[in-house]
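Residue numbers (our numbering): 1 to 254.
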């Protein structure tokens, strides 16, 4: 197909998509109105039935927990595919110098202020990520948000410190194992329902008291599993993207 033909197909598809989007937006109810019966039902029942202060967490990890398992498998497949496509091939001598900097030129050393700031951000990131992952059933947050924050911690270390520090705290093998373990933990938690002669992923643990960290039954362990899988997946992508840069920094001693 010629370039003009491909452009025609592209614009035709965009026009159809724009028309469908405009029609959907025109039928939206005004802000604050039009809540569905399904949403009202979940908002009423999530707290008394599951002791979950966050109705969104009750939907994602209880009422529709099997859907979330599918989403985790999608993330796993996407990371595996991206890692396969971006795997490091043989390096061409001098390629990095031609592209990034003049031959023989070394970047200036990282200042002490940047190191202190990066280390402080890493500590704060760990605390915030763990808080989000462990309190998703109590307040807005959850495993996905916590996993994303935890994945940024090694990145801040990479930006502020030496490359070997990044590799020590986030070795690729351990990161890959963490992602797989998170998905495996999520799937294994669902077996508790089968052991209790109930449905797979049914919430069979004690609900506890709303507002407590250990409330909401299986929602907490599922949140932790998602945090582990998301943090591992994003870190694995990060190590793949930074593979060549890490090798250059380690070889150059900076």
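Even for Gly, the Cβ is constructed at its ideal location relative to N, Cα and C.
By the Cβ-count criterion, residue 209 is exposed, with fewer than 16 other Cβ atoms from all chains shown falling within 10 Å of its own Cβ.
Counted as a single uninterrupted DSSP element, the alpha helix (DSSP H) harbouring residue 81 occupies residues 65-85.
Between residue 204 and residue 193, the CB-CB gap stays under 9 Å.
Inter-residue distance for residue 241 and residue 86 is about 7 Å (C-alpha atoms, whole angstroms). Contact annotation: residue 75 and residue 233 have beta-carbon atoms nearer than 9 Å. Between residue 160 and residue 119, the beta carbon gap of about 7 Å places them in contact (Cβ cut-off 8 Å).
A straight-line Cα-Cα distance of about 29 Å links residue 55 and residue 235.
For residue 145, the closest alpha carbon among the candidates 228, 110, 200, 39 is that of 228.
DSSP places residue 201 outside any alpha helix (DSSP H), giving it a letter other than H or E.
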